[in-house]
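Asker: In the numbering used here, the protein residues as written are 4 to 51.
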C-alpha cells in the first residue's frame with residue numbers, strides 16, 4: 004500500500020513513485036521557513 008507521499012509524487016510525476024526513487028515532478032505549491040526562505044529564493048534565481 005503506497006504512502007501519502009508516494010501517492011502525491013506519483014500523481015505529480017505521472018508515473019509510479021516508490022521509496023528510493025528519483026522523481027522529477029511538477030510542483031503545485033512550495034513552503035519555506037521564514038528565516039531561510041529568502042536565501043533559497045535568491046539561490047533559485049541565480050540558477051536562471
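No residue lacks a Cβ here, since even glycine has one placed at the ideal position from N, Cα and C.
I'd like the span of the alpha helix (DSSP H) that includes residue 17, first residue to last.
Answerer: No alpha helix (DSSP H) holds residue 17; DSSP gives it neither H nor E.
Asker: Assuming residue 26 contacts residue 33 under a Cβ cut-off of 8 Å, what Cβ separation, rounded to an integer in Å, is found between them?
Answerer: Wrong, their Cβ atoms sit about 15 Å apart, outside the cutoff.
Asker: Locate the alpha helix (DSSP H) running through residue 47, then write down its first and last residues.
Answerer: Counting along the chain, the alpha helix (DSSP H) containing residue 47 begins and ends at 40-50.
Asker: Beta-carbon separation of residue 13 and residue 22 under 8 Å?
Answerer: Not in contact: residue 13 and residue 22 (Cβ atoms no closer than 8 Å).
Asker: For a quick check, are the C-beta atoms of residue 35 and residue 28 less than 8 Å apart?
Answerer: No, they are not a contact pair.
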